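Protein chains: 2
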Amino acid sequence: MIVVKTEPSRIGLRVDAQHNRDRILEVAADAFAELGLDVPMIEIARRAEVGVATLYRRFPTKSALVHEVFADQLTTCAAAVDDGLADPDPWRGFCSVIEKICAMQVADRGFTAVFLSTFPEREANVAERARAERQFAELVRRAKEAGKLRRDFAHSDLTLLIMANNGVAGSAGEAAAAASRRLVGYLLQSFRAEQAQPLPAPAPINLQDLFCRS
Amino acid sequence: MIVVKTEPSRIGLRVDAQHNRDRILEVAADAFAELGLDVPMIEIARRAEVGVATLYRRFPTKSALVHEVFADQLTTCAAAVDDGLADPDPWRGFCSVIEKICAMQVADRGFTAVFLSTFPEREANVAERARAERQFAELVRRAKEAGKLRRDFAHSDLTLLIMANNGVAGSAGEAAAAASRRLVGYLLQSFRAEQAQPLPAPAPINLQDLFCRS
DNA sequence: CCGCAAGTGGAGAGCCTTTTCCGATTACCG
DNA sequence: CGGTAATCGGAAAAGGCTCTCCACTTGCGG
Numbered sequence: 070m071i072v073v074k075t076e077p078s079r080i081g082l083r084v085d086a087q088h089n090r091d092r093i094l095e096v097a098a099d100a101f102a103e104l105g106l107d108v109p110m111i112e113i114a115r116r117a118e119v120g121v122a123t124l125y126r127r128f129p130t131k132s133a134l135v136h137e138v139f140a141d142q143l144t145t146c147a148a149a150v151d152d153g154l155a156d157p158d159p160w161r162g163f164c165s166v167i168e169k170i171c172a173m174q175v176a177d178r179g180f181t182a183v184f185l186s187t188f189p190e191r192e193a194n195v196a197e198r199a200r201a202e203r204q205f206a207e208l209v210r211r212a213k214e215a216g217k218l219r220r221d222f223a224h225s226d227l228t229l230l231i232m233a234n235n236g237v238a239g240s241a242g243e244a245a246a247a248a249s250r251r252l253v254g255y256l257l258q259s260f261r262a263e264q265a266q267p268l269p270a271p272a273p274i275n276l277q278d279l280f281c282r283s
Numbered sequence: 070m071i072v073v074k075t076e077p078s079r080i081g082l083r084v085d086a087q088h089n090r091d092r093i094l095e096v097a098a099d100a101f102a103e104l105g106l107d108v109p110m111i112e113i114a115r116r117a118e119v120g121v122a123t124l125y126r127r128f129p130t131k132s133a134l135v136h137e138v139f140a141d142q143l144t145t146c147a148a149a150v151d152d153g154l155a156d157p158d159p160w161r162g163f164c165s166v167i168e169k170i171c172a173m174q175v176a177d178r179g180f181t182a183v184f185l186s187t188f189p190e191r192e193a194n195v196a197e198r199a200r201a202e203r204q205f206a207e208l209v210r211r212a213k214e215a216g217k218l219r220r221d222f223a224h225s226d227l228t229l230l231i232m233a234n235n236g237v238a239g240s241a242g243e244a245a246a247a248a249s250r251r252l253v254g255y256l257l258q259s260f261r262a263e264q265a266q267p268l269p270a271p272a273p274i275n276l277q278d279l280f281c282r283s
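Order-wise, the sequence lines are chains W and S. Everything in the first sequence is counted per our numbering, starting at 70 for the first residue and increasing by one. Everything in the second sequence is counted per our numbering, starting at 70 for the first residue and increasing by one.
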């Protein structure tokens, strides 16, 4: 009989190794959230009480570790979109998606860079991400249909908002949460259909761009 | 007779040294704008065609060079505020200030971090900065008075906008200019008095925060 | 035109990162 | 138990940065 581990991450590891691997992912998530993506590997090693070599034996590069850690962040995001789509009021759903995603960004300093990158190293994420985007597009369509969301809201405006919120989340220190809420408050008001005024053209924002920064 | 140099920056330098100093400031400004504040000193040295030692003889630290370079950026900002205040229509003046500052941010990658820091190392800048802030506060007062700017616009909302725009400017690559314009377009619409809806409380944003990032 | 203080550039010290190496240790199967 | 392959952790290699040191060069007053 083949024993399937609780985590489908890696089978065939010695139990102590598996244990270490799990703890690494755990503390790495905390460290990235707290200190940002540029926390040194040795700091993660210290927190997990292992040597750096152990990190590199499980994850070939730092980038691989990052992507592994944030795989489920993406899932949480996708869930937020699903929730929004499930709301009978598409406008309320739209607002809740944006509010949730922005709150996640504030709570986790490493979140944005990884969220907006396309995870080239993990096939599964690409698919999930694409699905979430389709769902969101559908939500946008319904909200416009209902006359609540302005007609000229562009798909790229979500990215714009995320980039803007990232600026606030990264810079506002203690007050980041409050600042982000206020920014989102302002932007949601200008997204409403009732008060739409002509606007500069939407920018063809490349999602990759956020990645190469930081 | 005492000879006063054209640049009041440093008198008593040998002419070749003064020449080098000027060129360093010149190319450093370009380099910061192009590559951001984290461009290596050796790159600036290369561009100015001097050795790194020459950089450090004129500017004790990299930070000192940065502050020196951005001293006149602050002046440009202050001028933008003055222009806005001079406009007979305070709302139009308010918009122009914000549009100008945001455009500067996009054009110059190093701008924001320095702009929002308090320049602890340069007395003169502190005063000029304080003056600009008073001017802007007055502009805000008038715009509210005229019934164009929403009453609950907070002083910290300018900082919020600058942080948000910084996120866009830093992340949007090629499309940064268009993205920034659109963000500013959205936000200016929600700053208008007519369509004000209740908003989350303004955040007590600490200007210093941007500095310790990056 | 000469002497020397002021100025110079490149090598490298010191520090921080990511990533690799390797001898010591340990889980696990029989 | 005991042998062995998997796993371990710390040391250090490799490469980035800021900033310093020092032997050489040069503008300029007399």
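Think of the CB as a built atom: it goes at the ideal place given N, C-alpha and C, for glycine as much as any other residue. Computed from a prediction, not measured in an experiment: that's the story for all the values here.
- Which value, in whole angstroms, describes the spacing of the CA atoms of S/I113 and S/H88? 15 angstroms
- Item | S/R261 (DSSP reduced to helix, strand or coil) | strand
- Mind the definition here: the region 120 to 132 of chain S touches the region 144 to 164 of chain S only if three or more C-beta pairs lie below 8 angstroms; say whether that holds. no
- Any idea if W/D226 is buried or exposed, counting beta-carbon neighbours within 10 angstroms, 16 or more meaning buried? buried
- Message: Pairs of beta-carbons, one from the region 135 to 149 of chain W and one from the region 88 to 99 of chain W, closer than 8 angstroms: are there three or more?
- Response: yes
- At a Cβ threshold of 8 angstroms, is W/V262 touching chain S? Reading off the sequence, residue 262 of chain W comes out as Ala, not Val. Answer no: the Cβ-Cβ gap between W/A262 and chain S never drops below 8 angstroms.
- Task: For W/F177, count neighbouring C-beta atoms within 10 Å of its own C-beta (all shown protein chains included) and say buried if the count is 16 or more, exposed if not.
- Result: Here the sequence assigns Asp to residue 177 of chain W, which means Phe is not the residue at that position. Under this definition W/D177 is a buried residue.
- Message: Please classify W/Q142 as buried or exposed, where buried requires at least 16 neighbouring CB atoms within 10 angstroms.
- Response: buried
- Compute the Euclidean distance between the alpha carbons of W/P269 and W/L252, then round it to the nearest angstrom. 19 angstroms
- Inter-stretch contact (C-beta, 8 angstroms, three-pair minimum) for the region 198 to 205 of chain S and the region 143 to 151 of chain S: yes
- Item | chain W contact for S/G236 (CB, 8 angstroms cutoff) | yes
- Return the residues of the region 99 to 126 of chain S that lie within a Cβ-Cβ distance of less than 8 angstroms from chain W, sorted by chain order. none
- Message: For S/E214 and S/Y125, I'd like the C-alpha separation in whole angstroms.
- Response: 51 angstroms
- To the nearest angstrom, how far is it from the Cα of S/A223 to the Cα of S/I231? 14 angstroms
- For the region 166 to 181 of chain W, which residues have a beta carbon sitting closer than 8 angstroms to at least one beta carbon of chain S? none
- Message: 8 angstroms is my cut-off, CB to CB: does S/Q266 come that close to chain W?
- Response: yes
- Under the three-state DSSP convention, the category W/L82 falls into: coil
- Query: Between S/Q142 and chain W, is there a C-beta pair that is closer than 8 angstroms?
  - Reply: no
- Message: Can you tell me where the alpha helix (DSSP H) holding W/Q272 begins and where it ends?
- Response: In the sequence as presented, Gln is not what sits at residue 272 of chain W; that position holds Ala. Note, W/A272: premise wrong, no alpha helix (DSSP H); not H, not E.
- Rank S/L208, S/F180 and S/N194 by C-alpha distance to the C-alpha of S/S165 and give the top, closest one. S/L208
- Message: Please list, in chain order, the chain S residues whose beta carbon lies closer than 9 angstroms to that of W/A270.
- Response: A247, R250 and R251
- Query: Can you tell me the Cα-Cα spacing of W/E243 and S/P273, whole angstroms?
  - Reply: 9 angstroms
- Taking S/F163 as part of the alpha helix (DSSP H), name the residues at either end of that continuous run. P159 to A176
- Query: Which residues in chain S sit within 7 angstroms of W/P273, going by Cβ to Cβ distance?
  - Reply: A244
- Item | Buried versus exposed, by CB contacts within 10 Å (16 or more), W/G216 | exposed
- Task: Could you check what DSSP says for S/L208 in three-state terms: helix, strand or coil?
- Result: helix
- Message: Under DSSP, the alpha helix (DSSP H) around S/L154 begins and ends at which residues?
- Response: K131 to A155
- Message: For S/S40 and S/V175, what's the separation of their Cα atoms in angstroms?
- Response: As displayed, chain S neither begins before 70 nor continues past 283, which places residue 40 of chain S out of reach and without an answer.
- Checking contacts by CB at 8 angstroms: is S/L82 closer than that to chain W? no
- Could you have a look at W/L218 and say whether DSSP puts it in helix, strand or coil? strand
- Message: Pop quiz: W/V121 and W/I111 are said to be a contact at Cβ under 8 angstroms. What is the actual Cβ separation, rounded to whole angstroms?
- Response: 6 angstroms
- Over the uninterrupted alpha helix (DSSP H) stretch that includes S/A238, give me the two end residues. S225 to S240
- Message: For S/N234 and S/D91, what's the separation of their Cα atoms in angstroms?
- Response: 31 angstroms
- CB W/T145 to CB W/E197, shorter than 8 angstroms? no
- Task: Show which residues of chain S have a CB atom less than 8 angstroms away from the CB atom of W/L256.
- Result: Y255, L256 and S259
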